[in-house]
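Chemist: For the sequence shown, the positions run 3 to 83 when the numbering used here is used. One structure coming up, written as structure tokens, with questions to follow.
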Amino acid sequence: MGVDPNPLTLRELIWMVGARRQDQWSHTAAVLALTANVHRNPKKRSKPYSPAEFHPLVERKPVAISKTGIRVLKRVFVDKR
Numbered sequence: 003m004g005v006d007p008n009p010l011t012l013r014e015l016i017w018m019v020g021a022r023r024q025d026q027w028s029h030t031a032a033v034l035a036l037t038a039n040v041h042r043n044p045k046k047r048s049k050p051y052s053p054a055e056f057h058p059l060v061e062r063k064p065v066a067i068s069k070t071g072i073r074v075l076k077r078v079f080v081d082k083r
């Protein structure tokens, strides 16, 4: 990392590694989004890609499962209709 680790605790070193990893992935995700947007077909996908779609460390919102979907699955797999 280019830092003298002697005055730092292990926790501080782990934080530094995590921050560097996050920063490097942010750069990579931006380049990937740019490349994908250059080659994107606007007829198939009108919304441009964002770096968050390529960033593996970004927390994604969970997809909500509707109650009707669960009922259909129950009917098919449990009730065998």
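All residues carry an ideal CB built from backbone N, CA and C; glycine is no exception. A quick note: this is a predicted structure, and the numbers were derived from the prediction, not measured.
(1) In whole angstroms, what separates the C-alpha of A54 from that of A31?
(2) According to DSSP, is F79 part of a helix, a strand, or is it coil?
(3) Quick one, which of H57, V65, A38 and K49 has its alpha-carbon nearest D25's?
(4) Excluding sequence positions up to five away, which residues of its chain have a Cβ less than 8 Å from the Cβ of S52?
(5) How close, in whole Å, do the beta carbons of W17 and L59 come, if the pair is a contact with beta carbons under 8 Å?
Modeler: Quick look at the numbers:
(1) 7 Å
(2) Looking at F79 - three-state DSSP - the assignment turns out to be helix.
(3) H57
(4) A35
(5) That pair is no contact at about 14 Å.
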